[in-house]
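Read in order, the letters of the sequence shown are residues -31 to -1, 1 to 211 in mature numbering (1 follows the signal peptide of the UniProt record, and there is no 0).
Report on the structure given below.
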Amino acid sequence: MGFVTLQMNFSSSMATLLGILGLALLGTLHAQDSIPVQADFQQDKLTGRWYSIGLASNSNWFKEKRHLMKMCTTIISTTPEGNLEVTSTYPKGDQCVTRNSLYTKTEQPGQFSYTNPRECPASVGQLRTCLQSCCPCFCLVADLELRAELCPMFPTGWGSKHNMHVVETNYEEYALVATQISKGTGSSTMVLLYSRTKELSPRRLEMFTQFSREQGLTDNEILILPQTGETGSTGMVSGSRG
């Protein structure tokens, strides 16, 4: 009888967990659908050098690093498969660091995806701790090989998935990019304003600010990046911060 009760509790806990994951997924998909994409997007015209002029985000790393952020240089190129290779240069300490990321094309022109992989927790004990808060009954009956069994079930649980939209661009002057970032602990929104030069007109800056507000970001989460030579501390490549 005890085993039957335990099994029922296990099933109930798993159903609750899957329901939570389903709601999170629906919320992410709805957010993605609400972000527009540049009409008649021409990918080859997006390539070349860009400067990050503005950044808006409601993520924790933005709140922690906002005071350190500066303008960044980003080079965009197209791979033979039609994906975007993004190379961003930013300062770290007294050195400049270059980071490469590959944004994979989707069926929607102007929309790309990027996965920032992170390893699953190193021990079964850590997985038990993570699960115990939402479904303690599962931990009582789960096999000891939790790590091997669960990591494939939650491929983005320990890393982050980035869905990037080229919202608006005239290719020669500016590009407005919005990214939805989802991971096991929640989701966030990031908006970037790029320019071919280190300065943009007040009209473009206002467009960036207004669009960021429309995505639910507050004025404290919107930043016009100060210049610092040829490098800065943020850019389209954001996998390590997701």
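Backbone N, C-alpha and C fix where the C-beta goes; we use that ideal spot for every residue, glycine too.
- Under DSSP, the beta-bridge partners assigned to residue 43 are 19, 57.
- For residue 174, the enclosing alpha helix (DSSP H) begins and ends at 171 to 183.
- Taking a contact to require three or more Cβ pairs closer than 8 Å, the stretch 43 to 51 and the stretch 76 to 83 do not qualify as touching.
- By the neighbour-count definition (other C-beta atoms within 10 Å, threshold 16), residue 70 is a buried residue.
- Taking every protein chain shown into account, the CB of residue 162 has 16 or more other CB atoms within 10 angstroms, so this residue is buried.
- Counted as a single uninterrupted DSSP element, the alpha helix (DSSP H) harbouring residue 34 occupies residues 29 to 34.
- Sequence-distant partners of residue 5 (beyond 5 residues in either direction) whose C-beta falls short of 6 Å from its own C-beta, in its chain, are 136.
- Rounded to the nearest whole angstrom, the CA to CA distance from residue 134 to residue 8 is 11 Å.
- In the DSSP annotation of this structure, the continuous segment of the beta strand (DSSP E) that includes residue 146 starts and ends at 143 to 152.
- Rounded to the nearest angstrom, the Cβ distance from residue 25 to residue 190 is 6 Å, consistent with a contact under 8 Å.
- Contact check for residue 184 and residue 147: beta-carbon distance about 7 Å, within the 8 Å limit, so the pair qualifies.
- Around the CB of residue 169, 16 or more other CB atoms lie within 10 Å, so the residue is classed as buried.
- In this model, residue 31 and residue 166 are separated by some 24 Å (Cα to Cα).
- Here residue 15 has 45, 53, 135, 138, 140, 144 as same chain residues with Cβ atoms under 8 Å from its own Cβ, once five neighbours each way along the sequence are excluded.
- Cβ contact annotation for residue 13 (same chain, cutoff 8 Å, sequence separation greater than five): 47, in chain order.
- The distance from the Cβ of residue 21 to that of residue 194 is about 6 Å, consistent with a contact at the 8 Å cut-off.
- Here residue 73 is not near residue 56, since their CB atoms are 8 Å or more apart.
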